[in-house]
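Engineer:
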RNA sequence: GUGGAUAUAGUUCAGUUGGUUAGAACACCAGUUUGUGGCACUGGGGGUCGCCGGUUCGAAUCCGGUUAUCCACCCCA
């Protein structure tokens, strides 16, 4: 038997939840005046090398990368932002710094070891906002994410942090690295490697011993420049006013290289170790990094498969069951089926059955209304009807 | 990439110290004397016991390998 590849899943049992999620989320995004964008699944490999960053695991070892028949070095997209930014620049919106608010959804591919909440092909729903420098755009985006999650009654914790900007991050990084170098001996192997590769990641280490050593580490939020600090305060104040619960997590590091200033993550405690259900933040330098004019941007992405177990939709009766009890009624029923399907969900049972058999089936299918033609109805040209 | 666990029907699982034709529940399909569903009852279909090899008169059961799944690390959505 040919089976789906490792880490790839057919969406069958949850397909109703899946489509419901996309429909509802899109609706909310459109209420925020975000427009739909679809970008290719396949992109040039260097797009991700330059945006996500060569130091990241995603680019380093998780990409589905190959040479196509034209000799191009390509890969299946491991995340959504890079492609959207590429599109923004390619269609020259950067020249005039045209504000653009887009949402997207679709499959992403990462060659990882599968586990709960982690697939090799998975789906994200995300938004990106270009051209708005203000922290109020960050707030808008966080509000949008929380509204989507709230609409499915999902329990979450929102963590926020500020990663600083070009002005304050380098000085902070220097003091962090020198702090880490002093402690180097006491840190785990991974952290020692991270000091040179990605020092911020050390803060995020789950090793207990490391966390003890890091208690006195310099915190980014105490080392922000005036501007970043002001924005981070506005962010917190406005979230409070909007009644969005959050906690500041100075160890929150978004894994992709392109983030700066606001970083946030929605976390669930109900779905296992892969608990991040939505992650995002500001990436003001990314458009430039991909050879566009400097345009600030902010966005987030949600992992749909991780959210589905948290989404509950109550099965409700809907649709019409149409059945016949005599072969002669078939034409009449078919005509009715033709008419009803213009504006109704209709199940047409084409087998001749007894009344109780029809009812049993209609019940099983969760239909709301039953319409049957028997001998009597055929004579009178009517339908026997019942609400379930 | 590392570690641990698991693999028997569509699903959840039984299956004794290796021994007839591998079972149950749920699900599915059909029916229960003639036009009112959910309940109940009766019957039915469905498994090369993950795959390959070995031990044995005989393997779902023991051994080796392999693949996949699950959980965690790592990483991230």
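Residue numbers (the working numbering): 9 to 396. Glycine included, every Cβ here is placed at the ideal spot set by N, Cα and C.
Going by DSSP, which residues form a beta bridge with residue 366?
Structural biologist: Taking the first chain and counting its residues from 1, the one referred to as residue 366 is at position 358. Residue 366 pairs with nothing; no bridge assigned.
Engineer: Check for me: the beta strand (DSSP E) holding residue 109 runs from which residue to which?
Structural biologist: Within the first chain, numbered from 1, the residue matching residue 109 stands at position 101. 108 to 117 is the span of the beta strand (DSSP E), which, as asked, contains residue 109.
Engineer: Which partner residues does residue 51 have in the DSSP bridge list?
Structural biologist: What you label residue 51 is simply residue 43 of the first chain in a count that begins at 1. DSSP, once it has assigned bridges, lists 83 as partnering residue 51.
Engineer: Cα separation between residue 59 and residue 356?
Structural biologist: If you number the first chain from 1, residue 59 lands on position 51. If you number the first chain from 1, residue 356 lands on position 348. The alpha-carbon atoms of residue 59 and residue 356 are separated by roughly 52 Å.
Engineer: Short of 6 Å in beta carbon distance, which residues of its chain neighbour residue 280, apart from the five on each side in sequence? Order them along the chain.
Structural biologist: The residue labelled residue 280 in the question sits at position 272 within the first chain. Answer for residue 280: 124, 125, listed in chain order.
Engineer: Have a look at residue 53 and residue 344 and give me their C-alpha separation to the nearest angstrom.
Structural biologist: As a working note, residue 53 is residue 45 in the first chain. As a working note, residue 344 is residue 336 in the first chain. Those two C-alpha atoms are separated by around 55 Å.
Engineer: With DSSP run on the structure shown, which of helix, strand or coil describes residue 252?
Structural biologist: Walking along the first chain from the start, residue 252 turns up at place 244. Coil at residue 252, not helix or strand.
Engineer: On a Cα-Cα basis, can you pick out the residue from 20, 46, 105 that is closest to residue 301?
Structural biologist: Position 293 of the first chain, counted from the first residue, corresponds to residue 301. Among 20, 46, 105, the Cα nearest to that of residue 301 belongs to 105.
Engineer: Take the Cβ of residue 266 as the centre, count every other Cβ of all protein chains shown within 10 Å, and call the residue buried at 16 or more, exposed below.
Structural biologist: Translated into the one-based positions of the first chain, residue 266 becomes position 258. Buried, since its Cβ has 16 or more Cβ neighbours within 10 Å.
Engineer: Just tell me which of 186, 309, 117 has its CA closest to the CA of residue 84.
Structural biologist: By 1-based counting over the first chain, the position of residue 84 is 76. Closest option to residue 84, Cα to Cα, is 117.
Engineer: Counting Cβ pairs, one atom from each stretch, are 3 or more of them under 8 Å apart for the segment 315 to 324 and the segment 135 to 150?
Structural biologist: Verdict: no, contact absent.
Engineer: Express the C-alpha separation of residue 259 and residue 168 in angstroms, rounding to a whole number.
Structural biologist: The residue you call residue 168 lines up with position 160 of the first chain. The residue you call residue 259 lines up with position 251 of the first chain. Taking the straight line joining both Cα atoms gives about 10 Å.
Engineer: Note the first and the last residue of the continuous beta strand (DSSP E) segment covering residue 73.
Structural biologist: Indexing the first chain from 1 puts residue 73 at position 65. First-last of the beta strand (DSSP E) with residue 73: 73 to 75.
Engineer: With distances taken Cα to Cα, identify the nearest neighbour of residue 172 among 221, 160, 241.
Structural biologist: Locating residue 172 in the first chain gives position 164, counting from the first residue. Checking every option, the nearest Cα to that of residue 172 belongs to 241.
Engineer: Starting from residue 129, trace the beta strand (DSSP E) both ways and give me its first and last residue.
Structural biologist: Your numbering for residue 129 matches position 121 in the first chain. Start and end: 129 to 138.
Engineer: Going by DSSP, what residues sit across from residue 273 in a beta bridge?
Structural biologist: Counted from its first residue, the first chain places residue 273 at position 265. 167, 287, per the DSSP bridge assignment.
Engineer: Please classify residue 268: is it buried, with 16 or more other beta-carbons within 10 angstroms of its beta-carbon, or exposed?
Structural biologist: Numbered from its first residue, the first chain carries residue 268 at position 260. With 16 or more Cβ atoms within 10 Å of its Cβ, residue 268 is classed as buried.
Engineer: Measure from the alpha carbon of residue 29 to the alpha carbon of each residue in 277, 332, 155, then state which is nearest.
Structural biologist: Your numbering for residue 29 matches position 21 in the first chain. The candidate whose alpha carbon is nearest that of residue 29 is 155.
Engineer: Who are residue 44's beta bridge partners in DSSP?
Structural biologist: The residue given as residue 44 occupies position 36 in the first chain. Answer is 111, bridged to residue 44.
Engineer: Quick one: Cα of residue 38 to Cα of residue 45, how far?
Structural biologist: Along the first chain, one-based indexing puts residue 38 at 30. Along the first chain, one-based indexing puts residue 45 at 37. So the two alpha carbons sit approximately 12 Å from each other.
Engineer: DSSP three-state call for residue 56: helix, strand or coil?
Structural biologist: Residue mapping note: residue 56 aligns to position 48 of the first chain, counting from 1. Residue state, collapsed to three classes: helix.
Engineer: Given that a residue counts as buried once 16 or more other Cβ atoms are within 10 Å of its Cβ, and exposed if not, what is residue 396?
Structural biologist: As a position in the first chain, residue 396 is number 388, starting the count at 1. Exposed, by the Cβ-count rule.
Engineer: Per DSSP, what kind of secondary structure is residue 348 in: helix, strand or coil?
Structural biologist: Within the first chain, residue 348 is the residue found at index 340, counting from 1. Of the three classes helix, strand and coil, the one that applies to residue 348 here is helix, per DSSP.
Engineer: Thinking just about the alpha-carbon of each residue, which of 114, 237, 100, 12 is nearest to the one in residue 134?
Structural biologist: As a position in the first chain, residue 134 is number 126, starting the count at 1. Of the listed residues, the one whose Cα sits closest to residue 134 is 114.
Engineer: Roughly how many angstroms lie between the CA atoms of residue 158 and residue 254, to the nearest whole one?
Structural biologist: Position 150 of the first chain, counting from 1, holds the residue named residue 158. Position 246 of the first chain, counting from 1, holds the residue named residue 254. Going by the C-alpha atoms only, they are around 14 Å apart.
Engineer: Three or more C-beta pairs under 8 Å: does that hold for the segment 245 to 254 against the segment 202 to 219?
Structural biologist: Result no; under three Cβ-Cβ pairs closer than 8 Å.
Engineer: Of the choices 95, 224, 310, 359, whose alpha-carbon is the least far from that of residue 50?
Structural biologist: The residue given as residue 50 occupies position 42 in the first chain. Ranking 95, 224, 310, 359 by Cα distance to residue 50 puts 95 first.
Engineer: Along the chain, where does the alpha helix (DSSP H) that runs through residue 332 open and close?
Structural biologist: Numbered from 1 along the first chain, position 324 holds the residue referred to as residue 332. Per DSSP, residue 332 belongs to no alpha helix (DSSP H); it is in the beta strand (DSSP E), 328 to 332.
Engineer: Does the beta-carbon of residue 387 have 16 or more other beta-carbons within 10 angstroms, so that it is buried, or is it exposed?
Structural biologist: On the first chain, residue 387 is found 379 positions in, with the first residue counted as 1. Exposed, since its Cβ has fewer than 16 Cβ neighbours within 10 Å.
Engineer: Helix, strand or coil, according to DSSP, for residue 311 in the structure here?
Structural biologist: Counting from one through the first chain, the residue named residue 311 turns up at place 303. Of the three classes helix, strand and coil, the one that applies to residue 311 here is strand, per DSSP.
Engineer: Measure the alpha-carbon distance for residue 120 versus residue 128 and round it to whole angstroms.
Structural biologist: For this step, residue 120 is matched to residue 112 along the first chain. For this step, residue 128 is matched to residue 120 along the first chain. So the alpha carbons of these two residues sit roughly 6 Å apart.
Engineer: For residue 62 and residue 68, what's the separation of their Cα atoms in angstroms?
Structural biologist: Residue numbering aside, residue 62 sits at position 54 when the first chain is read from its first letter. Residue numbering aside, residue 68 sits at position 60 when the first chain is read from its first letter. Straight-line Cα distance between these residues: approximately 6 Å.
Engineer: By alpha-carbon positions, which one of 222, 362, 26, 354 ends up nearest to residue 321?
Structural biologist: Translated into positions along the first chain, residue 321 becomes position 313. For the residues 222, 362, 26, 354, the minimum Cα distance to residue 321 belongs to 26.
Engineer: Can we say the segment 359 to 375 touches the segment 327 to 346, given the rule of at least three CB pairs closer than 8 Å?
Structural biologist: The segment 359 to 375, when compared against the segment 327 to 346, does touch it at the 8 Å Cβ threshold.
Engineer: Counting C-beta neighbours from all protein chains within 10 Å, is the total for residue 397 16 or more, i.e. buried, or is it exposed?
Structural biologist: Only positions 9 to 396 of the chain appear in this structure, which leaves residue 397 out of reach.
Engineer: Mind checking residue 190: buried by the 16 CB within 10 Å criterion, or exposed?
Structural biologist: Taking the first chain and counting its residues from 1, one reaches residue 190 at position 182. Exposed: under 16 other Cβ atoms inside 10 Å.
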